[in-house]
Every structure is written in C-alpha cells, then in structure tokens.
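Chemist:
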C-alpha cells in the first residue's frame, strides 16, 4: 500500500549512506537495502609513505576489499605511518571503497603531516578527523577544515600548534 511505502521510505532515510533498491512494479512494491556498514578499513602501522601505497597493501584485520564487496566503508585508519601529505586521498579512496562519499571518520594520527590538503573538503560527511601526533604548526591549516559542516570531532594534541 502507499502508506507502507511512505513509512518504509522514512525508515530507510534514517540510515545514511545505504544503497537501496526500490521495486515499484504494479502490485509489487518492495525496498531492499544492498549494504551493511563495514568495520573500519585499517591501514595503520603499514609504514606507508603515500596514501596510494595502500593500494598495494592488504588492510589489517576486519575489512577485506575484494571484487563484489558490498559492505559500506564509513571509517578509514591511516594512523602510525609516514604520510606527509594527503593530496592523493580522493583517488585512493575511490579505488578502495564502494562509496567514498560515505566516509565519516578518518584517522591520520601519528604521521608526518605539516599541512592539511583541501581534498579533505571532498568528504562532506566527515564527522571525525584524528590528526594528533603530526607536525601541524599553523592555525591557518586547521581553518581549512571549516568547510566540513558535519565535523564534530577533531584531535590536534601532540602537534606544534598546541604550543601557540
């Protein structure tokens, strides 16, 4: 019935980032979710110098990306590596995950970052960003993140900016 359909659409709208399949054939209305949320994609402690280096690595425990993978990745860990810039974040995420726009949590803690690339602004659903233990010196770098309207958690402790 139309009421069932409207109620089901409202229920599905509460689940952000899910892909859905809607069948509106006469006499046969159905809605099917195609994804479940995966555990964080974890490339921590991999000694990565660039984000694109992760394309050659298998993630740590939990999420394994394979052809036909249907779980939705919303969190990615790159902590404890040797990353000095994030310029290749967008193409790397596009190569690794099914829907990069669904990413809401990124961990770049304990790397070698001195600047924050504006590529982070492409991840409009980002709510959590860990940057502690890097080499960020300038408040101007942090101000670049003002274009992330959903960002609620940002860690910066252990950066030189902490002493300013």
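In this note's numbering, the protein residues as written are -16 to 147.
Beta carbons: idealized from backbone N, C-alpha and C, even for Gly.
Only a predicted model underlies this, so the values are computations on that prediction, with no experimental measurement involved.
To the nearest angstrom, how far is the alpha carbon of residue 122 from that of residue 99?
Modeler: Walking along the chain shown from the start, residue 122 turns up at place 139. Walking along the chain shown from the start, residue 99 turns up at place 116. Roughly 11 Å between the two C-alpha positions.
Chemist: For residue 60, list the residues DSSP reports as bridge partners.
Modeler: Along the chain shown, one-based indexing puts residue 60 at 77. Looking at the DSSP output, residue 60 sits in a beta bridge with 25 and 90.
Chemist: Check this for me: beta carbons of residue 67 and residue 96, under 8 Å apart or not?
Modeler: Sequence index remark: in the chain shown, residue 67 carries index 84 (1-based). Sequence index remark: in the chain shown, residue 96 carries index 113 (1-based). A Cβ-Cβ contact shorter than 8 Å links residue 67 with residue 96.
Chemist: Spatial neighbours of residue 23 within its chain, please: CB distance less than 6 Å, with the 5 preceding and 5 following residues excluded, ordered by chain position.
Modeler: Working through the chain shown from its first residue, we reach residue 23 at position 40. For residue 23, same chain residues with a beta-carbon under 6 Å away, outside a window of 5 residues either side, are 58 and 60 in chain order.
Chemist: If I follow the unbroken alpha helix (DSSP H) through residue 72, where does it start and stop?
Modeler: Mapped onto the chain shown, residue 72 falls at position 89. Here the alpha helix (DSSP H) through residue 72 covers 72 to 79.
Chemist: Using the DSSP secondary-structure output, state which residues sit across from residue 33 in a beta bridge.
Modeler: Taking the chain shown and counting its residues from 1, the one referred to as residue 33 is at position 50. Paired residues: none, contrary to the question.
Chemist: Strictly under 8 Å for the Cβ-Cβ distance: is residue 114 near chain B by that measure?
Modeler: The structure shown contains no chain B; it is built from a single protein chain.
Chemist: Mind reading off the beta-carbon distance from residue 130 to residue 104? Whole number of angstroms is fine, and I expect it under 8 Å.
Modeler: To locate residue 130, count along the chain shown from 1; it is residue 147. To locate residue 104, count along the chain shown from 1; it is residue 121. Rounded, the Cβ-Cβ distance is 4 Å, consistent with contact.
Chemist: Secondary structure at residue 148, three-state DSSP: helix, strand or coil?
Modeler: An answer regarding residue 148 cannot be provided, because it is not within the stretch -16 to 147 covered by the chain.
Chemist: How about residue 62 and residue 106: are their beta carbons less than 8 Å apart?
Modeler: Taking the chain shown and counting its residues from 1, the one referred to as residue 62 is at position 79. Taking the chain shown and counting its residues from 1, the one referred to as residue 106 is at position 123. No. Outside cutoff.
Chemist: Apply the 10 Å Cβ neighbour rule to residue 145 and answer buried if 16 or more other Cβ atoms are within range, or exposed otherwise.
Modeler: By one-based count along the chain shown, residue 145 stands at place 162. Flag for residue 145 reads exposed.
Chemist: Going by C-alpha distance, which of 82, 120 and 109 is nearest residue 137?
Modeler: Translated into positions along the chain shown, residue 137 becomes position 154. Residue 137 has its Cα closest to that of 109, out of 82, 120 and 109.
Chemist: Take residue 28 as the anchor and find which of 43, 78 and 124 has the nearest alpha-carbon.
Modeler: The sequence position of residue 28 within the chain shown is 45, counting from 1. For the residues 43, 78 and 124, the minimum Cα distance to residue 28 belongs to 43.
Chemist: Here's the rule I'm using: 16 or more other beta-carbon atoms within 10 Å means buried, otherwise exposed. How should residue 30 be labelled?
Modeler: Numbered from its first residue, the chain shown carries residue 30 at position 47. So residue 30 counts as exposed.
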